[in-house]
Structures are given as C-alpha cells and as structure tokens.
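Chains as they are written, first to last, in this note's numbering: chain C, 1 to 342; chain L, 343 to 1003.
The beta carbon of each residue, even a glycine, is placed where N, CA and C say it ideally should be.
The structure displayed is predicted, hence computed values, not measured ones.
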Ligand code: SF4
C-alpha cells in the first residue's frame, strides 16, 4: 500500500455489507441462495474485512458466487479455482481466500487441482456445492450423480460410478473435512469452523438444484424423514440419531459399521464415539451413505499442519539467513566469473 | 591435418621443451566431445568452454542431448555430444563443421563422424572399439570403421586407448574399477587441453571445488585431477600429435564476464526484473524439457526473495501465476510447446482480466511430444494466435543465450506497463547453448515502474490510462473491492456485460492496447546496406547463424543486409518501409514458414523461405547457400526451399553403408 493512512476504521460489518450491488441471478428456489446468506453472515460474525477477503471460483452455477460478494473476487475458468487461489495465497498469505466450486467444476474438470491444493494444505476454505448434476449446462449427469441416473446426456441411465467428495478429500490428505446441507442451520457452524481452521478446509454442501435435480437430497432435508437419515457429528460424542435419538452406529464383530437400536442391552457406550482427529474414523464416516446409513453432517476431520505458503515463506527467510540477500551487482557476479583486462 | 580455421600468421615451431611438435596459430576452432550419455561429455565440454572463455576466447556452445534418457549404453541413441566454437574473433554460432572430434566409443564415432570436416582430427578411445561395442553401435560383425580406408583417408584419426591409459594412471588409487572408469572424460579432456594448448587450472579448481568441497569427496577430486593431468602428459610425452594448436584472445571489451546458457540468463533476468520493480518473483511452472532448468536455477534463488511453485500440471502453473498477478506480485510461468498448448485457455483469461503475466516458451521440436531435446521455432503462430477468440498478447523472442537476460527484463517491463500477458519465446538451442556474457552494472538498469490505485472514489476496474492499460488494483486495498473474470467485461466498470456493441468495443480495445505497445518497440534496424538486392529476415535463436552468413556474403561483395526481429507482436512500426528498400526478402526459419506467413499477410511482400525442420540449428553454410541461390536468380517460383544437404553429410559413407539390422 503506497499510502499508509488509508486504513479503514474497524467498524463492525453486517451481512449486508458483504453484499455486492449485483442482482443475484440463480433460479428462484435454488439452494445457492441459502448458502450465500450463511456465508455473508459468518463473515460478518467473524469480523472479516472486505478488502482482505477474496472469493475465487471456476465455472458453473455456484461459481457465480464471487459476483454477489462485496469483496475481491475472481470468476475464473472451468475447474481452475484452486490453482488461482494457490497463486493468490503464495503472493499474499495475509488474504482470506475462499474457493467456491461445484461437483462438476471441482471433481470433474478440476479434480486434479482439488487433490493438489488439499495435499499442499494452502490456507483457504473450499466450499463444494454438490447438487449431483450439471446445472449451468442444463442438466447432464455429474461425477456425484447416482448410478443409473437418467439425464439429457444419459437417457438410458448413467453407467459411471459416482464418487464421494469427502473420501477423495481425506485420501488427498485434507486437514479439515466437513459436510453440511444448504438449508440446514448447522451450515453456519460448519462454515465458521472451516474459516477458523488454518490450512485447506474442505466443506461439501448438499445443494438443491431445483430445476434439474430437485429433491436429490430430500431424504436429508424433509422434516418428516431427515432425523432418520442424517447424523450430526459432535467431537467426543457417540453417533446417535433418529427422531427419538434412539438409534446409533456401532462396529460389528468384523469391524464394519452397523445401525443399531438403543436399549435392549445396547447402550451409547457401545456406539462409535466421534473423534475428529482420527482420520481412519473420518474415512469410515465418509463411506456411510443413504439409504443404508444416515449420512453424517458436521466436522469429520481436523488436523493441525503447516500451510504451504508459510513453509515457502519460511524457506525464503531461511535462505536469506543462510546466504544473505546480495544486491543486484553481487547477485549477477555470484558463481563463476572472470575478468578481462583492458 | 586441419583442426580449426587458420589465421593469416604463419605457423611456427613450438618454442618450449624438447618437443618436436609444431605449434599452429588458429583464428578459431570447433571441437566436439561425444560419448555415451554416462561418459561425462557435457562436463568435459563445459570445462573446455570455461577454460577457453577464461583464456580470452569468444565461445559458443551446442550441447546435444540424447533423445532418450534411458537409451541403452553404447548405442547410437544413447550418444551425448557437446560442441564448442572458440575463437580469437567475435563469433555468433557454435560452428558448422567440426575440426576435431573426440569419440569415446563406436556409437559416438558413428553418430558424429559425418560432421567432421575433410582432413579433420578424430581422437577415438580405442579401448572401447571392441567387438561388443562395435555391435552395439550397429556395425556389421567383423567391421571396425577405424580400419576402413574411407575414414583413414578422409580424417586424421588418432587411436588412443583412453580407457586403459586412464585406468593405468589411477592404478593403486584404491578406487573401484567403475569409479576409476568415470574419470576417463577428464583424461580425454586433459589430452585435448594439450592439443589446443590450454591451461589445466580452471578445471583443477572446478574439480577441487565441486567434488572436494561441495560433495565432500576429496578422493574423487584427486582421481579426476590425476586423470586430467595424465591425459595432458600423455599428449606431451607420447608425441602422437605432429602439431599443437593455439587460439588467441578475442578482442572483447574489458570487464567481468561469465558464461551463461539461455535458461540461466532467463532466470537471472527475471530476478533482476523483480528487484527493478520491487515485486516478488513467483515462478509457477511444471517440469518440461527444455525449460526445466529455469525452474532449477530459480529454486536456488530463494535468498533473492524468489518463490517457485511446482504445480501439478501446466494449467495449474499458469493459473497460479494468474492468481499471483491478481494479488499484485511478479507472475511468471515457463514451459515448452506442448505446455503452451495446455495453457491456452488460461492465457485467454489473463487477456480478458488484463493482468500482467509473463509466459516463457522454450520451444522444442513439435507437434505433440515431438522432439523434446531438439530445437525448433515452430511455436510462433501458437504464441500469436493459439487461443480461442480474438486474443492478442505481446510476443517477444530472444536471439542468443545471453540475450535471454535482457528479453526477460523487457517482458516484465511490458507486462507491467501495459497490463497484458507477454509471451517470451526462446528455444532449446539458446536455452542450453552458452556464450560469454559481460555482466552489466546494476546502475545501468532502468527501474520498472509499478503503481497500484488506492483512491476508492475514482477507481474503476476497466478505466484505461494513456497506454490503454487498466489499473492494477490489488486485494488488500480498502474500498477497491471488485470482481474480475473470464466473462466479457463492460467498458470502464468491468461489470459482466453481454451487450453486443460493448463486446465489439472491448475486442477492439484489447487489440488496440497491444498495438499501442509499438511505442515501446524500437524501429527495425538492418545490418548492412540500407537498400539493396536482398534482405534476410530472422527472429529468435537463429540470429547467430543468419548474421554470420549475411556478413560472409557481404564480405564477398553481395548487396545483402540482415534484419533481426525481437518484437513479433507488435512488430516495429517501420518494418514495412524497410522491406520496400530491398528487391528480395529471404526468411530463414526452423519451421515451415511461420514468420514468412505473417510478413506476407501483413506487408503483402513476396518473402521466400529457407526452412529447416531437423531439430537442429542452421549451419551458416546452409543460409549462405540460400542467399547465393536467391541472388543468382535460380530460386524460381518456390515459396521456400529446404536446406541443401550438408556437403559432408551428402558424401558421408558411414551410416548408409554399414548400418546393420
Ligand atoms: S440450474 Fe440449478 S444450480 Fe443452477 S441456479 Fe438453477 S437451480 Fe441453482
């Protein structure tokens, strides 16, 4: 900054202060609206500064997100947001960088970049809006669409096996892995935990595309059924679910998870206790899927680890300490030189 | 026997010692070390280069790496070569014909003998010319080219049992046979130092520093030095060479020099640009031949504040660089042709978002994977047009190894000033080739100005300055929060716009912005007569051979001038006028005529081409021939001609006659 006296007084910002002047153009009823509102709220609650916040996205419905935030934003090209965000963080580690992506953008065309930002543990927050469909291109099946799904591009049913974003993230050495639902209250808690984690935070958000894949997550959102199909993870607590909190998940004799009815000799002590620092457990939880199991929501896994951009800065400091930082003349003359006399 | 280009001075007997060896003064000499890729030929060659540069010669080198890294030992595809032209005069190329070849095995002999001039010196490692190696090289059973009178008559062949003599010189050192064998390149180098009257000091110091101090292997240093000296003393005492040669100092201006390859100079240029602009250099790349050495060099420069980012792929590399540019630092990505293809879409994003980005393309043989270790100039049209949409970028090309330094600085300067991607083209030949470089004083550089807006009231993301550049507002600046992206932007505000007239206007503005860069492009200048029969136009790494050929034709009284283009987009403003001052225009290129196509389209001139796609640089002779051919009126209607076969290659009997199965 060339003029040091331009610091803005630290007034408290409201969610509205994070809204840009652009009209939001998602389809009416799209799950993206709920997520947008929660993100604005969380940023305000965390005392984030607009000028320090950057939203980076790729291509897809979700990737319009940066336009609606009154922060710095980069709506880039298909699948590449993690790479662009990595560059931003390497250039300026002080910035608070959020990546907004979708199941197509993040897991299909940009799958490789997702793997690598996770393993590098760049300190960003990744929000993957999973609607199990291609929305912007008007309804083709995606990498998370269920087998047999009939869409415009799969009239006889999709024959690709879907992938589970959280399993992928864990396999890629992610240091923070969580899941939430667009319309669920606990989205705010998950977003807040993600924002506060140092390292790459990966959050899968179930998002309803009410135009091309409406009700894809109805089992998890419908008031009548949701308690039976969703299990909220709490660190140190047993895996209990159900409307009457009378069911749980335990490991059977061959260490496979099974749903059990509490009572009749089964107590909470027999259940799996959630440990958000246990990556094996996290992977096991990531494999639980509807309809066989209730699907876990909340923080699956969290680990403290160094961030890529800090390590890189550290190497620069270390090199300067070891070799000094020569001026240009000394630099250009370092190594083998020889002098030709007059 | 000949082992170089004679001077006008008469040869004189060597003054020193009891030797009967004659001493011959040469103006310049071209020698080539060739052996198996495990034989250390690159080291021998680069040591000879350093020693010659320090002795005051002008030097130019051409390393020739095997195309296959794991080619079987002893076979022709596994041969590695290193050519050095060292001279008492100003030179621009590594030389056409080889005056002296050092062949460490039959495969090296087979692969390189046809490049040796008639009557040239060939020193072979006779120990390795056994049945097994002759077979591996593909010679028929029972045949040894060294016994073939075709070669004996044509060349002065010295059969020296280098492997055996090297082993003997190191007997009793306590080293294994394998480790001893690895010193034979130094033994050979010692012998060639004797032949060309060079001091051993530079190499002894190098071996001491590298093996002794850096690798902490003093016994390896000692063995190599012993082998080096043994080779030298063998030359002295065995008196196998009837003459020794000497190449005197070149008239170089006084100062501090270093030898640089193009990739080294590129790396140093980028660091220099970082210091001149006060921006952190962040080099985002994915390993690719022949560009990787830029990454390797920059990775050792953390103490200069340099950050390197080895991305997961080419696309991630350029995208990370775009993120760097958005965040306000010096963003550079480097690659070669196939990688540039992968970066196309992202470069379009940088054009749309109007961010300063430097993309370096070290060109190699294409298309597809092509010839990774060989040179070519076939990415020019890709650099100019290889993106979707009307998507102009600034395009520059470096002309020699040392010139990469200036070209890199200029690329950064233009990117910052014009808020535009700059594509800098080098090639495998100048990237790996080396030449002496007079190290400039830092005080001679102009600062690279950079400014970032801070005033929220007046800020508009796509409001342009007098160069049509938009403001570089960076995240972290209060009040300037804005969104950019790949969708079409509304003029001035930068909001997303689908307005037809706006799209038309923005397309024109993006083009006009690049056209305006011409204000920073110096007028094209010719070397030679201001008007005449022929203008030879080149670009990029062919500068040295074209210039040498043009100057030779000028000495022969031809009315020919040369013009070398560094700025390919935009081109110098006066270029069209210059063309009109010559009757004919010849464009030699290492491609099928890409610059020729641009010049014909743009200036409506009848440019003709000399086009070579051999994966190798031009020989001076090839260009000289094309000049003569054109001036003699024999060219006819052909738009281009291939190089005429090298005289020696055409008549070389070796490969055609004796290639086995
Ligand atoms: S297509 Fe689906 S995901 Fe896209 S905006 Fe409409 S409802 Fe939302």
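Where the alpha helix (DSSP H) through residue i begins and ends
{"i": "residue 317 of chain C", "result": "308-323"}
{"i": "residue 250 of chain C", "result": "Note, residue 250 of chain C: premise wrong, no alpha helix (DSSP H); beta strand (DSSP E) at 247-251."}
{"i": "residue 76 of chain C", "result": "Careful: residue 76 of chain C lies outside any alpha helix (DSSP H) and carries neither H nor E."}
{"i": "residue 635 of chain L", "result": "634-641"}
{"i": "residue 30 of chain C", "result": "Element bounds for residue 30 of chain C: n/a, residue is neither H nor E."}
{"i": "residue 165 of chain C", "result": "165-171"}
{"i": "residue 746 of chain L", "result": "745-760"}
{"i": "residue 391 of chain L", "result": "383-396"}
{"i": "residue 338 of chain C", "result": "Unbroken run through residue 338 of chain C is the beta strand (DSSP E), 338-340; no alpha helix (DSSP H)."}
{"i": "residue 479 of chain L", "result": "It is not in any alpha helix (DSSP H) - residue 479 of chain L carries neither H nor E in the DSSP assignment."}
Where the beta strand (DSSP E) containing residue i begins and where it ends
{"i": "residue 874 of chain L", "result": "874-881"}
{"i": "residue 705 of chain L", "result": "699-705"}
{"i": "residue 938 of chain L", "result": "Counting along the chain, residue 938 of chain L falls outside any beta strand (DSSP E), though it belongs to the alpha helix (DSSP H) covering 936-945."}
{"i": "residue 214 of chain C", "result": "That residue, residue 214 of chain C, is in no beta strand (DSSP E); it is neither H nor E in DSSP."}
{"i": "residue 680 of chain L", "result": "Premise fails: residue 680 of chain L lies in the alpha helix (DSSP H), 679-695, not in any beta strand (DSSP E)."}
{"i": "residue 369 of chain L", "result": "364-378"}
{"i": "residue 722 of chain L", "result": "Run containing residue 722 of chain L: none in the beta strand (DSSP E); it sits in the alpha helix (DSSP H), 722-727."}
Supposed contact pair residue j and residue i - C-beta distance, whole angstroms, cut 8 Å
{"i": "residue 743 of chain L", "j": "residue 607 of chain L", "result": "6 Å"}
{"i": "residue 201 of chain C", "j": "residue 303 of chain C", "result": "With 8 Å as the limit, residue 201 of chain C and residue 303 of chain C do not qualify as a contact, their Cβ atoms being about 11 Å apart."}
{"i": "residue 666 of chain L", "j": "residue 756 of chain L", "result": "Not quite, the Cβ-Cβ distance comes to about 17 Å (not below 8 Å), so this is no contact."}
{"i": "residue 566 of chain L", "j": "residue 576 of chain L", "result": "That pair is no contact at about 16 Å."}
{"i": "residue 605 of chain L", "j": "residue 624 of chain L", "result": "With 8 Å as the limit, residue 605 of chain L and residue 624 of chain L do not qualify as a contact, their Cβ atoms being about 18 Å apart."}
{"i": "residue 689 of chain L", "j": "residue 763 of chain L", "result": "6 Å"}
{"i": "residue 40 of chain C", "j": "residue 18 of chain C", "result": "4 Å"}
{"i": "residue 915 of chain L", "j": "residue 929 of chain L", "result": "Not really, about 20 Å apart at Cβ, beyond 8 Å."}
{"i": "residue 340 of chain C", "j": "residue 596 of chain L", "result": "5 Å"}
{"i": "residue 790 of chain L", "j": "residue 669 of chain L", "result": "Their Cβ separation, rounded to whole angstroms, is 18 Å, which puts residue 790 of chain L and residue 669 of chain L out of contact at 8 Å."}
C-beta neighbour in chain L for residue i, strict 8 Å
{"i": "residue 227 of chain C", "result": "no"}
{"i": "residue 66 of chain C", "result": "yes"}
{"i": "residue 332 of chain C", "result": "yes"}
{"i": "residue 3 of chain C", "result": "The pLDDT assigned to residue 3 of chain C is 47, lower than 50, so where the model puts this residue is not dependable, and the model offers no usable value."}
{"i": "residue 14 of chain C", "result": "no"}
{"i": "residue 50 of chain C", "result": "yes"}
{"i": "residue 94 of chain C", "result": "yes"}
{"i": "residue 329 of chain C", "result": "yes"}
{"i": "residue 91 of chain C", "result": "yes"}
{"i": "residue 336 of chain C", "result": "yes"}
{"i": "residue 312 of chain C", "result": "yes"}
{"i": "residue 42 of chain C", "result": "no"}
Proximity test, residue i beta-carbon vs ligand 1 heavy atom, cut-off 7 Å
{"i": "residue 829 of chain L", "result": "no"}
{"i": "residue 159 of chain C", "result": "no"}
{"i": "residue 135 of chain C", "result": "yes"}
{"i": "residue 84 of chain C", "result": "no"}
{"i": "residue 182 of chain C", "result": "no"}
{"i": "residue 130 of chain C", "result": "no"}
{"i": "residue 953 of chain L", "result": "no"}
{"i": "residue 212 of chain C", "result": "yes"}
{"i": "residue 881 of chain L", "result": "no"}
{"i": "residue 32 of chain C", "result": "yes"}
Proximity test, Cβ basis, 8 Å: residue i and chain C
{"i": "residue 792 of chain L", "result": "no"}
{"i": "residue 892 of chain L", "result": "no"}
{"i": "residue 386 of chain L", "result": "no"}
{"i": "residue 371 of chain L", "result": "no"}
{"i": "residue 614 of chain L", "result": "yes"}
{"i": "residue 671 of chain L", "result": "yes"}
{"i": "residue 783 of chain L", "result": "yes"}
{"i": "residue 392 of chain L", "result": "yes"}
{"i": "residue 845 of chain L", "result": "no"}
{"i": "residue 598 of chain L", "result": "yes"}
When Cβ atoms are compared, which residues of the stretch 120-149 of chain C fall closer than 8 Å to chain L?
Look at the stretch 120-149 of chain C: it has no residue with a C-beta under 8 Å from a C-beta of chain L.
Got a sec: which bits of the stretch 633-660 of chain L sit with their beta carbon under 9 Å from any beta carbon on chain C, in order along the chain?
When C-beta distances to chain C are compared with 9 Å, the residues of the stretch 633-660 of chain L below that value are 642, 643, 644, 645, 646, 647, 648, 649, 650, 651, 653, 654, 655, 657, 658, 659, 660, in chain order.
Identify each residue in the stretch 68-85 of chain C for which the Cβ-Cβ distance to at least one residue of chain L is less than 7 Å, and report them in chain order.
Shown in chain order are the members of the stretch 68-85 of chain C whose Cβ falls below 7 Å from a Cβ of chain L: 70, 71, 72, 73, 74, 75, 76, 77, 80, 83, 84, 85.
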